[in-house]
Amino acid sequence: MYAIVEIAGQQFKVAKDQKVFVHRLAGEEGDSVSFDKVLLTGDGDNITLGAPAIEGALVDAKITRHLKGDKVIVFKKKRRKGYRVKNGHRQALTEISIEGISVNGKKATSAKKEEPKSDKKEEAANNDLNNNTVAELREMAKERGLEGYSSMKKAELIAALS
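Using this note's numbering, you'd call the opening residue of the sequence shown number 36 and step up by one each time.
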């Protein structure tokens, strides 16, 4: 079984007992972490695809060690100008080992699910306003009796109308 999971803004294809180097994670060595942003899981011919993430899927991992990556040298030069800049860094990394992939694991907080639903309603109302042109938004502002709508930009009109 494998999964594609988003960890620290990057997507990784992981399997059980695999070691992965990711950007530095908060936590000590030996700590267990779980990632709930699982985008895809596959088990043979059975593939589950999320939109954008699979609800209730978890990838459990354990932080093995913190380390620095290889040295990266950044050299900039503009020919015939005498401009040369040498820069470099070593990326802070965390090595994690995947302990398990569960497709129907339970999320710890169900109260957080209820809050985004109200946000989705507000976003839907804003999306309705986003679909309108500036002229239509100005007409709506005129009907509602807003002042100064003729000099407002689209974003300002949407904020005033919502």
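Just so you know, even glycine gets a beta-carbon here, dropped at the ideal spot from N, CA and C.
For the pair of segments examined, the region 115-123 was found not to touch the region 91-98: the number of CB pairs separated by less than 8 angstroms stays below three. The residues M36, Y37, A38 and T83, in chain order, have a CB closer than 8 angstroms to that of G77 in the same chain once the five nearest residues on each side in sequence are set aside.
Counted as a single uninterrupted DSSP element, the stretch harbouring R115 is not any beta strand (DSSP E), since DSSP gives it neither H nor E. Secondary structure of S132 (DSSP, three-state): strand.
Along the region 49-105, the alpha helix (DSSP H) does not occur as any fully enclosed run of 4 or more residues. The C-beta of V55 has 16 or more other C-beta atoms within 10 Å across all chains shown, which makes the residue buried.
V109 sits in a strand when the DSSP states are folded into three classes. Taken through DSSP and simplified to helix, strand or coil, V40 comes out as strand. One Cα belongs to R173, the other to G79, and the distance between them is close to 56 angstroms. Checking the DSSP bridge columns, you'll see Q45 partnered with I42. Collapsing the DSSP output to three states places S197 in coil. With a threshold of 16 other beta carbon atoms within 10 Å, T168 falls short and is exposed. If you draw a 10 Å sphere on the C-beta of V73, you find 16 or more other C-beta atoms in it, and that means buried.
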